[in-house]
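Encoded as structure tokens, the structure appears first; notes follow it.
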Amino acid sequence: MNVEPTTKKKKLEDECSELKKDIDDCELTLAKVEKKKHGTENKVKIMTEEMGSQDESFGKLTKKKKPSKRHIRRPWLISRQRTTKSTMTKSKTKLEHQVDFDQIAEIKPAQNYI
1 MNVEPTTKKK KLEDECSELK KDIDDCELTL AKVEKKKHGT ENKVKIMTEE MGSQDESFGK
61 LTKKKKPSKR HIRRPWLISR QRTTKSTMTK SKTKLEHQVD FDQIAEIKPA QNYI
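With the UniProt record's numbering as the guide, the letters of the sequence shown map in order to residues 1 to 114.
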């Protein structure tokens, strides 16, 4: 009769020992997983910051690019500007000649009175 409880006790002690080993293994695995999780969270944080920085840079480049489109010279606009400049130059020359002619005309009558 005494043998049976002793055997049961030994069996339970062995089982307890195995359970303690399993618990230690689980705790070790948990520590590894938590460490890996922390590393992954740090990577995500760094990548999120980099994405924010890239978004900001992209926004700045987009803002700089929009005004530069206004300065693109289109061929039809260049042609129109050249035509306008030519017309204005001709008008200026014509007005200068007319002013010169008017000044000469004013001087001639004044010379007649002398």
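All C-beta atoms in this analysis are idealised placements derived from N, C-alpha and C, irrespective of residue type, glycine included.
Under a three-way DSSP split, which group does ARG82 fall into?
helix
Per-residue DSSP class, three states only, for ASN2 | coil
Rounded to a whole number of angstroms, what is the C-alpha to C-alpha distance between PRO5 and GLU13? 12 Å
Quiz item: In whole angstroms, what is the alpha-carbon distance linking GLU27 and THR48?
Solution: 31 Å
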